[in-house]
Structures are given as structure tokens and as C-alpha cells.
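K.L.:
Chains as they are written, first to last, in this note's numbering: chain A, 11 to 193; chain B, 716 to 1169.
Got a structure for you, questions after.
Structure follows, in C-alpha cells:
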């Protein structure tokens, strides 16, 4: 049985305080009381707009925006990266782009996040999954949709899935997500 | 390389929040404890130490760059040499090894490794976000960056591949929390049952809140020295506990930042590049692994940490260890998750890959003399996380690996009772122990071996 919460969530925020208690006398004996005060803590927002470049991985995002799932491949060995890499980790050679949109794919591992980082809290519970593709040597991290997050089961591993693309690309890896093949 | 001795250490009480002090002053608590334990005072020690290494993970939590020099300054160590190391959750382990190198190479005779993290300055969910920035921000973080989620994916694969159960994971939580009941430095000192662990709020299926370590504020410090450094300290009045404790082996490994990029190697490659010496030389184990591979297992995939295996193998070779389960008296390992403790049993060769779950409930990794309320079929062989580990002590990232170093030192000195005010967690006649520090999804891992001289 799930244990009921017996504690309220702690949050920041509250009243602004003006006036901080301080001794009237300021000789060393009077100031000795300062060693016994609780610490002063202040709160302020901290916000950044950051310009991020996808660099050599950029074509993948162009592909997803056009409903193509791209991967990279070492031409010599055929070693294929489900999450693209600009250079092969074994030969050091520059990889080429290939299209794996229609490759058979299945769930390699998954979880249901009931909590998360602040940015993703509103989206909980959400399903994270690593996808394996036929003929592809490495995996791809994605969101899995079309399954009940409250009914997680190990049987989901091995489930055939297929990609779906956002109609309005956000130029993020979440422009593609996966659903059960049957959906 | 010269012999390197761990002479003293200190740990601040790990707590959810320490707003009473800045990070420098929290480090000084640990530092002062180490000095006092050596019988030296601050002004006597300062001229005797050659330099330092500072350990902290995140500039985001402090919202302060170059915090290392602020600690160096506060400890009165300027203008001596010092630098900061950073490698995610393994930062503390890396720090200890960097200090070791300073001594072993002859560059220094006395070096202090100190570390901290103050994670209470943001709310837990923002903290999770900061930590998740230690995943690829192009590919992993934007999908729903959350470390508990990453580890939960590893464990669903481990469960599917090897049949590991949530109850086996919960037994690790029961063990570590109850060990910590006797450790006054620990943040969480509770008696739990398997049912309690499973009934705790689900965080990332199948990991509940009690399968996962907590964020903390805390610091730790370790003083390392060469034989010359030891003589220098003793000439100045230091009372160094005998027998001495030597850091007799270090090892490190790495792996790709993105779990998705991890290789899935064949049986022959596994055996050649990753198997332990014992695994390679055992017909039975080779046959066991052949069977696993025939059923589709590939290595390391996402269920195993080849960085941990590499670090362990390297450290064992350095220290001359062939059978870690028999030749180590205890291990303090990086149990950020109950599942990762199980994965690490396998990486460190305490059992074979795939047998971490049964090993967890065998009793071999438990402390003798403690009633865990579990039916354990076998006697303790090599207690794992006798301190309570990260799950119960807390995980102020930059301090954690050094905390392990301090607790290992006290175990080998036989001084746990003095430092904890309770001898319950003293491993009897501990002669050799390992500490294991682990970053990211297994990206940097360090293993260091400490052993008692004589």
C-alpha cells in the first residue's frame, strides 16, 4: 500500500523582511551574542538565456523537423550510432548520415518518472525509454507514449515501437518520440 | 612510486542543510577534526603541509566559481600549491587519488585532500536539474533529464537480463540504513523493512525514495603523507595511530557520457578485456558467461559499468589482490542507488555479472552482530558500506569519496568506536579495504585500496 504524505512540501518564497535584529550596544561583550544568532539567508532569482549550438549534430534536428530519424555510420565498419556522433569512436573517422526512420525498433530499457527535475515536473509521470534498432549498434533515449505509466511492467522491454514526430518541431531531441508499433 | 600513507581524516556531520556556516567553514570542521586527531593544532600543522587538492562537483550549487581557492584561503594554506578536481560523483575519489599522486611522485611529502558540497541552496527539484546537467545537454537532458530515471532504466534492463528483484534492491536499503543507525555522521539513521522501502513514494519505476540517496551539505578531509612527511609531522608532535594505513592501490575507469553509446561486446572481447583474473581462470565461470552470452547478454550494455570493472581490476592489480571477496575486509562503495550497489558488486568482482541480486540477499555484504530483521542464509564475508553508504550517510558530492576514505582509514586503524562513539560498526581485525567512487551513469569510477601495515 502506498504511504500517504504526512508532510507538506517545502517551498521558497514568502514575506520580505525589513529590519534585522541587532544589539544596541556594540562593545565586544555585547557583540558576543552575535555568535548565537541564526544565519541570515537571502533569496534571489537566477535566470540565464543560453545560446546552445548542436554543432556537427545539427542535421539530426533538421531531419526530425522533416520527419526523418537520422543516425550516423562509419563507412568502413558499418558501425552505426542510434544517437549520432560526428566521428566513429573506433576508427576516429568522420561518420556519414543515414536514415533509420523505418528500421524495426524495440524498447531496450525504460522507466516511469514520477518525479523529475524542476523543468520536467509538470510532465510527470512520463516514460523514458532507450530504443534499439535493427542493424544499429547503439541506442537512442526517448519518451514513450501510448502506454499507461501506472501499469509499468518489465514486459515493456522488447516491445516493438515506431517513431512519431511533432508536427511543429521544437528543434529538440523530443521532436521524435516512440509509440507501440500497434498504436 | 613511493609508499603513501593516510594518516588522519575528518568528516562534518552530513545534513540536509547547513545554513549556519559557509562551505569554507564546513570544510574547516572536517579539517580541524583531522588535525586534532593527529594531536596537532592549526598553526603547527600549516607549515608542515606541502599543498592540497580540493574536491567539489558543481559550480551551480555554490553559484560561485573557484570555490576551491576560497577554501584554500580559509584554511590558511595560501600560497601553497593546490588545485580543484571535478569528475561528477567520483570527484572525492579522484581528489584522494590526485593527492596520492602528489605524494607517490615525490612532488609533496604531506598533502591534504578536502572536499565539500552544499546542495541545500536550491530546492530538491532544482537540485535534480543541476545534477541532470551532468548528462549530455543536447541529447539526454532535454528528454527528461533526471538521474534517478537514468538509473531506473539501467535496473529495468538488469532485472530483465538477470532476474534481479526489487526486494533484493530493498535489502540493500535496509542494510545501509541500519548500519548508519550506529554512525553519528550519517544523515538518515533509520530501521526499515523491505515493505517500508517498497511502500515509499515511487520516484522512477521501480526505484522508490528509499532506494535513492539524498542531497546533503557536508565536507570531508584526508591527510596523506610519505615516510618523510610522516617523520616531519611526528617531529612536530603528531600522534599518528599505529599500525599505519597505506594506500596500496589505485584504479580508474571511464565510459561514454551517453548511456546509449555504451558498447555491447561479444563474449571473447568481454573475456579478454574486462573479465577479472579469477573469472578468466575459472572453467566454471567461463561456461557461466558463455551461457549468458548465448542467451543474448552483451557487455557492458546499460546494465553494467565497465568503468567500475576497469577501475577495480586496475586497483586490484596494483595492490596484488586476486580474490577481492576474500582479500578485502570491507568496501565502502558508491551506492547512490540500491540498484547501483548491486551493479557494483558485479563490477568489483564480488560475484559474477548477473549474480548481484542473489549476492545482495546472501548476507555476505552485511555487518556481523547487527539484527537487520532479514533472513540471511550466509554469514558476513566482506561488509559493504558498513558506514551506511550514500543511501544513509547522504551524498554531498565533493565530500562523499573523501568520507569513504576517512571511514576506511578509521576501520583500518581500529578507531571506529572512538570516532563514532559506538564500536558496533568496527569491522573486526580489518586489514584491507576498498573505497569506490562513481560518477554520472558510470562515466568516471575510481577504486582505491587502503591497507594496514603489519
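We put the beta carbon where it would ideally sit given N, CA and C, even for glycine.
Tell me the rounded alpha-carbon separation between residue 33 of chain A and residue 741 of chain B.
P.N.:
Answer to the nearest angstrom: the Cα atoms are 26 Å apart.
K.L.:
My assumption, with CB atoms under 8 Å, is that residue 188 of chain A sits in contact with residue 171 of chain A. Please give the rounded CB distance.
P.N.:
4 Å
K.L.:
Does residue 111 of chain A get closer than 8 Å to chain B when you measure Cβ to Cβ?
P.N.:
no
K.L.:
Whose C-beta lies closer than 6 Å to the C-beta of residue 1119 of chain B among residues of the same chain, with five residues either side of it excluded?
P.N.:
Excluding residues up to 5 positions away in sequence, 1047 and 1150 lie with their Cβ nearer than 6 Å to the Cβ of residue 1119 of chain B in the same chain.
K.L.:
Short check: CB of residue 730 of chain B to CB of residue 1035 of chain B, under 8 Å?
P.N.:
no
K.L.:
Could you check which residue in B/805, B/763, B/937 and B/956 has the C-alpha nearest to that of residue 1152 of chain B?
P.N.:
B/805
K.L.:
Looking only at C-alpha atoms, which of B/1053, B/757, B/771 and B/1096 sits nearest to residue 1103 of chain B?
P.N.:
B/1053
K.L.:
Give, in chain order, every residue of the region 83 to 110 of chain A whose Cβ lies closer than 8 Å to some Cβ of chain B.
P.N.:
91, 92, 93, 95 and 99
K.L.:
Distance cutoff 8 Å, beta carbons only. Does residue 143 of chain A sit that close to anything in chain B?
P.N.:
no
K.L.:
Mapping DSSP to helix, strand and coil, what is residue 1115 of chain B?
P.N.:
helix
K.L.:
Using beta carbons (cut-off 8 Å, strictly below), is residue 127 of chain A in contact with chain B?
P.N.:
yes
K.L.:
Which chain B residues are close to residue 130 of chain A, counting only those with a beta carbon under 8 Å from its beta carbon?
P.N.:
859, 860 and 861
K.L.:
Using a Cβ-Cβ distance cut-off of 8 Å, determine whether residue 116 of chain A contacts chain B.
P.N.:
no
K.L.:
Going by DSSP, what residue range makes up the alpha helix (DSSP H) through residue 1029 of chain B?
P.N.:
Segment 1021 to 1034, the alpha helix (DSSP H) holding residue 1029 of chain B.
K.L.:
For chain B, is any of its Cβ atoms less than 8 Å away from the one on residue 172 of chain A?
P.N.:
no
K.L.:
Only counting the same chain, and skipping five residues up and downstream in sequence, which positions put a Cβ closer than 8 Å to that of residue 888 of chain B?
P.N.:
Once the five neighbours on either side are set aside, the close Cβ partners of residue 888 of chain B are 907, 912, 925, 926, 1053 and 1106.
K.L.:
Going by DSSP in three states, residue 1038 of chain B sits in which element: helix, strand or coil?
P.N.:
In the three-state scheme derived from DSSP, where H, G and I count as helix and E and B as strand, residue 1038 of chain B is classed as coil.
K.L.:
Checking contacts by CB at 8 Å: is residue 66 of chain A closer than that to chain B?
P.N.:
no
K.L.:
How should residue 716 of chain B be labelled, buried or exposed, when 16 other C-beta atoms within 10 angstroms of its C-beta is the threshold for buried?
P.N.:
exposed
K.L.:
Nearest by alpha-carbon distance to residue 1063 of chain B: which of B/738, B/1041, B/869 and B/807 is it?
P.N.:
B/1041
K.L.:
For the alpha helix (DSSP H) that residue 932 of chain B lies in, which residues bound it at each end?
P.N.:
From DSSP, residue 932 of chain B is part of no alpha helix (DSSP H) but of the beta strand (DSSP E) over 932 to 940.
K.L.:
Report, in whole angstroms, the separation of the C-beta atoms of residue 1071 of chain B and residue 1007 of chain B, which I expect to be a contact under 8 Å.
P.N.:
Actually they do not touch by this definition, with Cβ atoms about 13 Å apart.
K.L.:
Since residue 849 of chain B contacts residue 783 of chain B with CB under 8 Å, what's their CB separation in whole angstroms?
P.N.:
In fact, because the Cβ distance is near 18 Å, the residues do not count as touching under 8 Å.
K.L.:
Alpha carbon to alpha carbon, how far is residue 833 of chain B from residue 1111 of chain B?
P.N.:
Looking at the two C-alpha atoms, the distance is approximately 7 Å.
K.L.:
State the Cα-Cα distance for the pair residue 1109 of chain B and residue 790 of chain B, rounded to the nearest angstrom.
P.N.:
24 Å
K.L.:
For chain A, find out if any of its Cβ atoms is closer than 8 Å to the Cβ of residue 1069 of chain B; answer yes or no.
P.N.:
no
K.L.:
Just to check my reading of the structure: residue 831 of chain B and residue 738 of chain B have Cβ atoms closer than 8 Å, yes? What is that Cβ distance to the nearest angstrom?
P.N.:
Sure, about 5 Å apart at Cβ, within 8 Å.
K.L.:
Return the Cβ separation of residue 963 of chain B and residue 818 of chain B in integer angstroms, given the expectation that the two are a contact with Cβ distance under 8 Å.
P.N.:
Wrong, their Cβ atoms sit about 13 Å apart, outside the cutoff.
K.L.:
So does the region 96 to 110 of chain A actually touch the region 153 to 164 of chain A, counting three or more Cβ pairs closer than 8 Å?
P.N.:
no
K.L.:
Do residue 1019 of chain B and residue 1061 of chain B have their C-beta atoms within less than 8 Å of each other?
P.N.:
Residue 1061 of chain B sits close to residue 1019 of chain B, with the two beta carbons spaced by under 8 Å.
K.L.:
Just by C-beta distance, which residues in the region 29 to 53 of chain A are closer than 7 Å to chain B?
P.N.:
49 and 51
K.L.:
Along the alpha helix (DSSP H) that carries residue 1098 of chain B, what are the first and last residues, could you check?
P.N.:
Neither: residue 1098 of chain B is in no alpha helix (DSSP H) and is coded neither H nor E.
K.L.:
Could you check whether the Cβ of residue 152 of chain A sits closer than 8 Å to any Cβ belonging to chain B?
P.N.:
Residue-level contact check: residue 152 of chain A touches chain B, since one or more beta carbons of chain B fall below 8 Å from its beta carbon.
K.L.:
For the alpha helix (DSSP H) containing residue 841 of chain B, list its first residue and its last residue.
P.N.:
839 to 847
K.L.:
Who are the Cβ neighbours of residue 777 of chain B in its own chain at under 8 Å, not counting the five residues just before and after it?
P.N.:
The answer, listed in chain order, is 738, 771, 833 and 836.
K.L.:
Within 10 angstroms of its Cβ, does residue 51 of chain A collect 16 or more other Cβ (buried), or is it exposed?
P.N.:
exposed
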